[in-house]
């Protein structure tokens, strides 16, 4: 749908239809009055038309006529009004009702026998698009370099829903994300880039709606162009065709003015129409086989690699074009700075085969609009060979689940096993993650592979435990989801430190003290490792979901940020802020290429060297010894910065550690995970190279050489 001087031009791809009507709806009292215009069949499955006298604010949808043969994947039903896949805004949000199903269903929305077409008119309950103004505005992007990027993953609602320092009507909205108080908090933490959970319009699964819940996270997309209207302020929801869009643009613009990039989590792998028994709101009724993967042996069934009932078929030109057009719209018109692709292997599938050079990725890498923004993959789905971490093409980056699991294992699972009389693993994997995961991202035809910043390092994300819950629970506690605690992963790699949950654990108890140290170990390793760090919103302030590791349906205080400040939450916030400031100020903590282990030109020490607790270069056999859990990592400043020495004690006992010789300079302790507050750095003393210090159990330290390398 495109506005022109005297009306609108319309185009819809519906290759198997034998008739398409554009339907305009005008409100008369509490009812819609409908006007229909038949479109003309054009080439390649497209339908075109022009209607004069249509302006912004007009509600519209499509009725598509054609074959009803569910066994063949054909579900055309003109009783259903269908949302334009390119709609920018909504005139009516969909409601769960029997009429929005193209097949006949009972009162519980289960299909009736016979798979007969439903003749109920869906117009009163469907999603209606709205014709909008296409106003462009200047975009001033921060263009944060990858080596300076610190990502903060957050939900629009959850971030500010309980923030007392902003007006009540802005809490939990797009405007709230860009409020000066929110920006002050993010800037103080050292965030450069906020990654928002999906803000493209959503529709909750029927089984959640019937329980009184919703798909809070938003991974159930209804429109790839329209922003989710419920996240806007009431004033902008009521402001007309561009009110919600203008609020989103304003949010992005204000964040840009503060130097903060905006990345959107996007869900192009599946839609809210679910499996073949789900509702018909758009694509299924337009041309199911042009958009969704169908089983070639049983065309009436979907091939599902997402676990959500359907999967878009990225062999289809209509799907690739829709995705690219949507991405360009959010970059050029809304102003966003990048995307995180949910279940990205589905986007690279040609049938059951994963193609790392899929045309969609080639298009994004060469597109003049998309090639300059940040593109991040969630590198797994539920299909055959669905785990593809490290296998996507440049210039994209991947969420590094190996980093997440390695840190959780080293700092939590292995110490728990050792406490119980077992043993941990050797040091090879943790060292690989600390130095940038070259095993995953360093390969390829070009030396250096995809690069060190292709690793998005994280310990926690929206999906799973918060970092506080990671150190407080051994088991998930998802009872609030009303699924009998069956949902969510059981592979949490967590450790409760001796007591399940927070009940009965005082803030000054040994368990609480140990938990806070473990959190600092996890976040410290995250922020000081090579690669691009991502922080889960609230981890810096000890946010808990009370053991819920799958809070996708919890639009409640389980998911919202808790802004009540305690001494412990303030200390952790200041610790993360301090570590980010060290990272920002010292290039030695932000390498731009993988380490070689060699001495660079005009330097006298290797760019990276490993040492054991005695300060001796790590012998080969020690990498395989599961009893060795102390490691020193020395990074050269290469004449441009100080040298950085990271010391890690992963054992449950205190260990005497001798610093390496390095350049023979003294080392200054700049951070110790034993410290509850970074203010303790003022009391730290320098000590000479090759001197010995007692390293407390399960702790890490960062030292800088006392003068710049030369």
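In my numbering, the protein residues as written are 35 to 744. Ideal Cβ placement from N, Cα and C applies to all residues, glycine included.
(Q) Which residue marks the beginning of the alpha helix (DSSP H) containing residue 290, and which one marks its end? (A) 277 to 291
**Q.** Identity of the residues DSSP links to residue 683 by a beta bridge
**A.** 664, 733
Q.
Let me confirm a value: residue 365 is counted as buried when at least 16 other C-beta atoms fall within 10 Å, else exposed. Which label applies?
A. buried
Q: Measure the alpha-carbon distance for residue 403 versus residue 198 and round it to whole angstroms.
A: 39 Å
Q) When the Cα atoms are used, what is the spatial distance from residue 548 to residue 555? A) 10 Å
Q: Please state whether DSSP places residue 124 in a helix, a strand or coil.
A: Three-state result, residue 124: strand.
Q. Taking the C-alpha atoms as reference points, what is the distance between residue 797 and residue 297?
A. The requested residue 797 is not part of the displayed model; the chain covers only 35 to 744.
Q) Can you give, in chain order, each stretch of the beta strand (DSSP E) that sits fully within the region 364 to 421 and has at least 3 residues? A) Segments of the beta strand (DSSP E) lying fully in the region 364 to 421: 372 to 375, 408 to 411.
Q) When the distance is taken between beta carbons, is residue 90 closer than 8 Å to residue 58? A) no
Q. Considering only residues of the same chain and omitting the five flanking positions on each side of residue 293, which have a CB-CB separation below 6 Å?
A. 176
Q: Name, in chain order, the residues that DSSP records as bridge partners for residue 624.
A: Note: residue 624 sits in no beta bridge, so no partner.
Q. With a CB to CB cut of under 6 Å and the five nearest residues on each side skipped, what residues in its chain are close to residue 379?
A. 388, 415, 420, 422
Q: May I ask you to check if the CB of residue 214 is nearer than 7 Å to at least one heavy atom of the ligand ZN?
A: Ligands displayed in this structure: none; no statement on the ligand ZN is therefore possible.
(Q) Using a Cβ-Cβ cutoff of less than 7 Å, which residues in the same chain neighbour residue 363 once the five nearest sequence positions on both sides are dropped? (A) 259
**Q.** Distance, residue 316 Cα to residue 119 Cα
**A.** In a straight line, the C-alpha of residue 119 is about 7 Å away from that of residue 316.
Q. From residue 688 to residue 355, what distance separates their C-alpha atoms?
A. 59 Å
Q.
Looking at the strands, I want to know which residues DSSP matches up with residue 739.
A. Its beta-bridge partners are 701.
Q. Taking DSSP as the reference, what is the three-state secondary structure of residue 457?
A. coil
Q: Would you mind working out which of 178, 612, 731 sits nearest residue 222, comparing C-alpha positions?
A: Of the candidates 178, 612, 731, 612 places its Cα closest to the Cα of residue 222.
Q.
To the nearest angstrom, how far is the alpha carbon of residue 433 from that of residue 105?
A. 38 Å
Q: Starting from the Cα of residue 150, find the closest Cα among 218, 139, 456 and give me that residue.
A: Sorting 218, 139, 456 by C-alpha distance to the C-alpha of residue 150 places 139 at the top.
Q) In three-state terms, what does DSSP make of residue 222? A) helix
Q: Return the residue from the list 681, 706, 598 that minimises the CA-CA distance to residue 196.
A: Nearest to residue 196 by C-alpha distance, out of 681, 706, 598, is 598.
Q.
Nearest by alpha-carbon distance to residue 695: which of 558, 712, 666 is it?
A. 666
Q: To the nearest angstrom, report how far apart residue 306 and residue 372 are at their CA atoms.
A: 23 Å
Q. Does the beta carbon of residue 625 sit closer than 8 Å to a beta carbon anywhere in chain D?
A. Of the protein chains in the structure, only one exists, and it is not chain D.
Q | Identity of the residue in 452, 682, 347 nearest residue 417 by Cα | A | 347
Q. Quick one: complete alpha helix (DSSP H) runs, 4+ long, within the region 136 to 186?
A. none
Q) How would you write the range of the alpha helix (DSSP H) that residue 562 sits in, first residue to last? A) 544 to 562
Q. Residue 314: which of 231, 451, 159, 266 sits nearest, CA to CA?
A. 159
Q.
Quick check: residue 301 and residue 253, are their CB atoms within less than 8 Å of each other?
A. yes
Q. Alpha carbon to alpha carbon, what distance is there between residue 274 and residue 52?
A. Whole-angstrom Cα-Cα distance: 35 Å.
Q: Could you tell me how far apart the beta carbons of residue 447 and residue 529 are, in whole angstroms, since I believe they sit closer than 8 Å?
A: 6 Å
Q: Return the bridge partner residues of residue 95 from the DSSP annotation.
A: The secondary-structure analysis by DSSP pairs residue 95 across a beta bridge with 57.
Q) Do the region 475 to 491 and the region 649 to 669 meet, that is, are 3 or more Cβ pairs less than 8 Å apart? A) no
Q: Under 8 Å by Cβ, that's how I've got residue 467 and residue 437 pegged, so tell me the actual separation to the nearest angstrom.
A: 5 Å
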